[in-house]
Every structure is written in C-alpha cells, then in structure tokens.
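Student: Residue 152 is where the sequence shown starts when you use the numbering used here, and the numbers rise one by one after that.
First the structure, then my questions, so here it is.
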Amino acid sequence: MAETHRLQIGSLRSDVKLTLHTYHAARIWTGRQKSDAKHSILGLSGFCAYVNRMHRGAAQDDPYSDWWLV
Numbered sequence: 152m153a154e155t156h157r158l159q160i161g162s163l164r165s166d167v168k169l170t171l172h173t174y175h176a177a178r179i180w181t182g183r184q185k186s187d188a189k190h191s192i193l194g195l196s197g198f199c200a201y202v203n204r205m206h207r208g209a210a211q212d213d214p215y216s217d218w219w220l221v
C-alpha cells in the first residue's frame, strides 16, 4: 500500500534558545526603559527587530528601506 504524506506548507518554524550568562549581557539584550532622568536605550532584540523590518522592506523594493540599509 502506498503511504500518503501531507505537506504542511507555510512559514519556517524553529525553536531558538538564548542563554545570557552575565548581568551585562542581559542589559545589552534588553536595553533600558526611559525614566524621568534618563533616555531609553535600544537593546539588541529591538535592534534586530528594526533591521529585520528594513530587510523585509528592501526585499520588497522599498527605497526608504534601501536607504537605511546603505
């Protein structure tokens, strides 16, 4: 008997784990919230989100995304 396989087509899924071993590494990853005395600092996770957004825009021929990536 022939086996039937169902293909699940869609976005790629993966399980990503990140272990930060020091306080300073955690601060770099998360950044800093804005307070009355200090400005906010963008963390590495936020930076990756911005760059990913620009990369997707450049892939769709968005001239502003191209300009930011250059």
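From the three backbone atoms N, C-alpha and C, an ideal C-beta is built for every residue, glycine too.
#1: Measuring CA to CA, which of Ser165, Gly182 and Ser216 is closest to His190?
#2: Alpha carbon to alpha carbon, how far is Trp180 from Tyr232? Give it in angstroms, no decimals.
#3: Quick check on Ile179: does DSSP put it in helix, strand or coil?
#4: In this structure, what does DSSP give as the bridge partners for Leu193?
#5: Would you please state the rounded distance, in angstroms, between the beta carbons of Leu169 and Ala177? I believe it to be under 8 Å.
#6: Spatial neighbours of Ala219 within its chain, please: C-beta separation below 8 Å, excluding the five flanking residues on both sides.
Tutor: Short version:
#1: The shortest C-alpha separation from His190 is found at Gly182.
#2: Not covered by the structure: residue 232. The range shown for the chain is 152 to 221.
#3: Ile179 falls in the helix class under three-state DSSP.
#4: Per DSSP, Gly182.
#5: Going by Cβ atoms, the distance from Leu169 to Ala177 rounds to 10 Å, so no, they are not a contact pair.
#6: Here the sequence assigns Trp to residue 219, which means Ala is not the residue at that position. The beta carbon of Trp219 is closer than 8 Å to those of Met205 in its chain, skipping five residues each way along the sequence.
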